[in-house]
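Everything on this sheet refers to the single structure shown next.
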Amino acid sequence: MIYKETGQFKSTYESDHSIFPLIQDKIAFNILMLVAFLVVPFFIDSYWEKAILIPFLIYSMAAIGLNILTGYCGQVSLGTGGFMAVGAFATYKIMTFFPELNIMIIVLLSGVITAFVGILFGLPSLRIKGFYLAVATLASQFFIIWLFNKVPWFYNYSDTGQITVSERTMFGVAVTGANAPPYATYLFCLILVVVLGFAAKNMIRSKIGRSWMAIRDMDIAAEIIGVPPLKTKLSAFAISSFYIGIAGSLYFAVYLGALEVTESFDIMAISFPVLFMIIIGGLGSMLGSFLGAAFIVLLPIFLKNVMVDLIGLSAVTAKHFEITIWGLLMVVFLILEPHGLARLWSIAKEKLRKWPFPY
Amino acid sequence: MSLAKIQSIPYGKEVIKIKNISLAFGGVKALTDVSFEVKKGEVFAIIGPNGAGKSSMLNVINGFYKPTSGQINFAGEDRKEMIPEFAAKSGIARTFQNIALFKGMSTLDNLMTGRLLKQKQNFLMQALYFGPVQKEEAYHRDKVERVIDFLDLQAIRRTPVGSLPYGLQKRVELGRALAMEPEILLLDEPMAGMNVEEKQDMSRFVLTANDEFKTTIVLIEHDMSVVMDISDRIVVLDYGKKIGEGKPSEILKNKAVIDAYLGVAD
Numbered sequence: 506m507i508y509k510e511t512g513q514f515k516s517t518y519e520s521d522h523s524i525f526p527l528i529q530d531k532i533a534f535n536i537l538m539l540v541a542f543l544v545v546p547f548f549i550d551s552y553w554e555k556a557i558l559i560p561f562l563i564y565s566m567a568a569i570g571l572n573i574l575t576g577y578c579g580q581v582s583l584g585t586g587g588f589m590a591v592g593a594f595a596t597y598k599i600m601t602f603f604p605e606l607n608i609m610i611i612v613l614l615s616g617v618i619t620a621f622v623g624i625l626f627g628l629p630s631l632r633i634k635g636f637y638l639a640v641a642t643l644a645s646q647f648f649i650i651w652l653f654n655k656v657p658w659f660y661n662y663s664d665t666g667q668i669t670v671s672e673r674t675m676f677g678v679a680v681t682g683a684n685a686p687p688y689a690t691y692l693f694c695l696i697l698v699v700v701l702g703f704a705a706k707n708m709i710r711s712k713i714g715r716s717w718m719a720i721r722d723m724d725i726a727a728e729i730i731g732v733p734p735l736k737t738k739l740s741a742f743a744i745s746s747f748y749i750g751i752a753g754s755l756y757f758a759v760y761l762g763a764l765e766v767t768e769s770f771d772i773m774a775i776s777f778p779v780l781f782m783i784i785i786g787g788l789g790s791m792l793g794s795f796l797g798a799a800f801i802v803l804l805p806i807f808l809k810n811v812m813v814d815l816i817g818l819s820a821v822t823a824k825h826f827e828i829t830i831w832g833l834l835m836v837v838f839l840i841l842e843p844h845g846l847a848r849l850w851s852i853a854k855e856k857l858r859k860w861p862f863p864y
Numbered sequence: 006m007s008l009a010k011i012q013s014i015p016y017g018k019e020v021i022k023i024k025n026i027s028l029a030f031g032g033v034k035a036l037t038d039v040s041f042e043v044k045k046g047e048v049f050a051i052i053g054p055n056g057a058g059k060s061s062m063l064n065v066i067n068g069f070y071k072p073t074s075g076q077i078n079f080a081g082e083d084r085k086e087m088i089p090e091f092a093a094k095s096g097i098a099r100t101f102q103n104i105a106l107f108k109g110m111s112t113l114d115n116l117m118t119g120r121l122l123k124q125k126q127n128f129l130m131q132a133l134y135f136g137p138v139q140k141e142e143a144y145h146r147d148k149v150e151r152v153i154d155f156l157d158l159q160a161i162r163r164t165p166v167g168s169l170p171y172g173l174q175k176r177v178e179l180g181r182a183l184a185m186e187p188e189i190l191l192l193d194e195p196m197a198g199m200n201v202e203e204k205q206d207m208s209r210f211v212l213t214a215n216d217e218f219k220t221t222i223v224l225i226e227h228d229m230s231v232v233m234d235i236s237d238r239i240v241v242l243d244y245g246k247k248i249g250e251g252k253p254s255e256i257l258k259n260k261a262v263i264d265a266y267l268g269v270a271d
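Just so you know, the protein sequences line up as chains V and H, in that order.
Offset between the first sequence (1-based) and this note's numbering: plus 505.
Offset between the second sequence (1-based) and this note's numbering: plus 5.
Here it is in structure tokens:
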């Protein structure tokens, strides 16, 4: 009943090809957007900001980026942490060189710089596939982190090797730095995620997205119908890195404020969790990127609440349990639902279509 | 060589001339000194026993293999080698012996990939998805819907092709090739593994495509009754060499062909 599509007729190809062809989805999405833009900013406090919403938005951005590359174009990448570090350091350097530049432009420029780095590290993808490519991207992860550690120019020769964000404003309100109010940082991230999320969805449902999926599913056949493999793979690397770079930029400028590269962009801190997000969320699904990000951000908080506050375990034991549960969930998902939460949702939708009168 | 050049050739004139093509993989000679011509607008069949080099011939024609020696003359222009992308751009589409569809995508999306070369908007416009991009998508969707109507694929428009039965997958693959609006269609065993009804359907689709869209068709097929029925001319390969060429009626009487298929009494 809830997802009944009966009576919803499409008379043009444009409407049939819209992002939300079902009216129910459209309404739900609009309500979600209204709440996110008009309700949440009035109630957000710094706990919700720093612990839940900002990490969720930033990881969503990174997950969209990785999903474009791995989920849609089929090129496995373990270099997410490295590319996020590029975004963060690009932001830092641009801030130093152009103190007057608007923060929105800085963030987008950081994405563009990361895109070029992504193209560079995407070059091996023409020759190698699968696991071997994953190892090649692993090289980018370690090389980039090493580079940012080794060359002091990147962290402006500071003694600690840390990079620290300076305050930048949008419309007179600080969005970076220690004094930024929660609603401002939240809205800043939200606008970027929504706008770029739509952009990603649009690319996926038009020519470039179909080229990516063609390369993913059968590269020989793709070549035969005229998809240039090199150009298509590199475009996926570039656009994916653009998103990941922006995620890195926000991670540094808006979320952490100050960071040290080895610890913040470590493979265990970023690359694997983001890969888990798109696997748990759903490879090749926009919704999956968001669901996966929400899952990975919320799970530790939920587990901590249950184990420490409810059961009364010590924080250390709880942490150990958390890692165990994580690994267990990973295995369970890979075996039982390789298409992730997005697939579970589409199954649920199918059930809701007939509910409460299944036949 | 370009699409316009192929289009400018009158029907009944040679569009592909294969001249003394040889292809070797190391010591294995897949093709030896093969020459034949394909005329525009005809249904041309390549037949031969297993391992005769039929698929290799198709792969040479659309640039997947580079011939060791010999020339291919395409619409009046000589070329020694070509990459698949250029073949697609100059109006050559093909299907594969083992289905090569995009399994994770729906039938509709698979067919839409056939239109990729004809879509001109760049990725920034696609990201914004307004006016021209939307119009372009709708235009190509309309073209694809015609192919869907033609091949009776309406019911499986949204189904991921990986879950379709074999016969339908073959049909979707033909659809993807037709969506490219090719001048020349290379079909590698389009009816392999099908039952009689499916073969009849497929034959009908191939003939209609040839008749209505004026597509030149080069096909490989093992079912002799089908080949003799639908093709205008046939070339026969055996062990990489051409052993016969001509109309079906001539091929049926060709001594060398009969010997290749049935063996020679000592």
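For each residue, glycine too, the CB sits at the ideal point set by N, CA and C.
Among the residues of its own chain, which have a CB less than 8 Å from the CB of residue i, if the five just before and after it don't count?
{"i": "V/GLY635", "result": "VAL581"}
{"i": "H/GLU42", "result": "GLU19, ILE21, LYS22 and ILE23"}
Do you know how far the Cα of residue j is from the Cα of residue i?
{"i": "H/MET62", "j": "H/ILE239", "result": "14 Å"}
{"i": "V/MET723", "j": "H/LEU106", "result": "7 Å"}
{"i": "H/PHE69", "j": "V/LYS859", "result": "49 Å"}
{"i": "V/VAL819", "j": "V/HIS825", "result": "The amino acid at residue 819 of chain V is misidentified as Val; the sequence shows Ser. C-alpha separation (whole angstroms): 10 Å."}
{"i": "V/LEU857", "j": "H/ASP243", "result": "59 Å"}
{"i": "V/PRO733", "j": "V/ASP771", "result": "34 Å"}
{"i": "H/HIS145", "j": "H/GLU203", "result": "28 Å"}
{"i": "V/ALA593", "j": "V/VAL759", "result": "10 Å"}
{"i": "V/ILE549", "j": "V/LEU537", "result": "16 Å"}
{"i": "H/GLU250", "j": "H/MET229", "result": "15 Å"}
{"i": "H/THR100", "j": "H/LEU192", "result": "5 Å"}
{"i": "V/ILE532", "j": "V/ALA705", "result": "21 Å"}
{"i": "V/ALA679", "j": "V/LEU692", "result": "12 Å"}
{"i": "H/ILE52", "j": "V/ASP530", "result": "53 Å"}
{"i": "V/SER565", "j": "V/GLY584", "result": "16 Å"}
{"i": "V/PHE764", "j": "V/VAL700", "result": "Here residue 764 of chain V turns out to be Leu, not Phe, going by the sequence shown. Their backbone Cα atoms lie some 27 Å apart in a straight line."}
{"i": "V/SER551", "j": "H/GLN159", "result": "53 Å"}
{"i": "H/ALA9", "j": "H/SER95", "result": "8 Å"}
{"i": "V/ARG715", "j": "V/SER645", "result": "27 Å"}
{"i": "V/VAL617", "j": "V/SER754", "result": "11 Å"}
Under 6 Å Cβ to Cβ from residue i, same chain only, skipping five residues before and after it: list those, please.
{"i": "H/GLY119", "result": "ARG181, ALA184 and MET185"}
{"i": "V/SER630", "result": "GLN580, LEU638 and LYS738"}
{"i": "H/ASN25", "result": "ASP38, SER40 and GLY75"}
{"i": "H/ILE88", "result": "GLY68"}
Who are the neighbours of residue i on chain V, taking C-beta pairs under 7 Å?
{"i": "H/THR118", "result": "ARG715, ALA719 and ILE730"}
{"i": "H/TYR134", "result": "ASN707 and SER711"}
{"i": "H/MET185", "result": "ILE730"}
{"i": "H/LEU121", "result": "LYS712, ARG715, SER716, ILE730, GLY731 and VAL732"}
{"i": "H/GLN124", "result": "LYS712"}
Could you pull out every residue in the same chain whose Cβ sits closer than 7 Å to the Cβ of residue i, ignoring the five residues on either side in sequence?
{"i": "V/ARG848", "result": "GLY787 and GLU842"}
{"i": "H/ILE14", "result": "VAL20, LYS45 and ALA80"}
{"i": "V/PRO861", "result": "MET506"}
{"i": "V/GLU827", "result": "PRO805 and LEU808"}
{"i": "V/LEU846", "result": "ILE785, GLY786, GLY787, GLY793, LEU796, GLY797 and PHE800"}
{"i": "V/ILE830", "result": "LEU808"}
What in chain H is Cβ-close to residue i, meaning under 9 Å?
{"i": "V/THR517", "result": "ALA143"}
{"i": "V/HIS522", "result": "GLN139, GLU142, ALA143 and ARG146"}
Quick one: which chain V residues come within Cβ less than 8 Å of residue i?
{"i": "H/GLN56", "result": "Note that residue 56 of chain H is Gly in the sequence shown, not Gln. Simply none; closest approach about 21 Å."}
{"i": "H/ARG181", "result": "ILE730"}
{"i": "H/ASP114", "result": "ARG715 and MET718"}
Could you work out which residues of chain H lie near residue i, taking near to mean beta carbons separated by less than 8 Å?
{"i": "V/PRO733", "result": "GLU90"}
{"i": "V/ALA726", "result": "PHE101, ALA105, LEU106 and PHE107"}
{"i": "V/GLY789", "result": "GLY109"}
Determine the burial state of residue i: buried for a count of at least 16 other Cβ atoms within 10 Å of its Cβ, exposed for fewer.
{"i": "V/ILE507", "result": "exposed"}
{"i": "H/MET6", "result": "In this prediction, H/MET6 has a pLDDT of 49, which is less than 50 and means its spatial position is unreliable; what the coordinates show is noted afterwards. It is buried - the Cβ of H/MET6 has at least 16 other Cβ atoms within 10 Å."}
{"i": "H/GLN124", "result": "buried"}
{"i": "V/ILE840", "result": "exposed"}
{"i": "V/MET773", "result": "exposed"}
{"i": "H/GLN12", "result": "exposed"}
{"i": "H/ASN127", "result": "exposed"}
{"i": "H/GLU90", "result": "buried"}
Just to make sure I have the definition right: I need the residues of chain V whose C-beta is within less than 9 Å of the C-beta of residue i. Which are they?
{"i": "H/PHE128", "result": "MET708, SER711, LYS712, ILE713, SER740 and ILE744"}
{"i": "H/LYS94", "result": "GLY731"}
Whose Cβ in chain H lies nearer than 7 Å to the Cβ of residue i?
{"i": "V/ALA758", "result": "By Cβ distance, chain H contributes nothing, its closest Cβ being about 23 Å from V/ALA758, past 7 Å."}
{"i": "V/ASP722", "result": "PHE107, LYS108, GLY109 and MET110"}
Mind listing, in chain order, the continuous alpha helix (DSSP H) runs of no fewer than 4 residues lying wholly within the stretch 52-78 of chain H? Runs of the alpha helix (DSSP H) inside the stretch 52-78 of chain H: 59-66.
Which runs of the alpha helix (DSSP H) fall wholly inside the stretch 549-583 of chain V and span at least 4 residues, in chain order? Runs of the alpha helix (DSSP H) inside the stretch 549-583 of chain V: 559-571.
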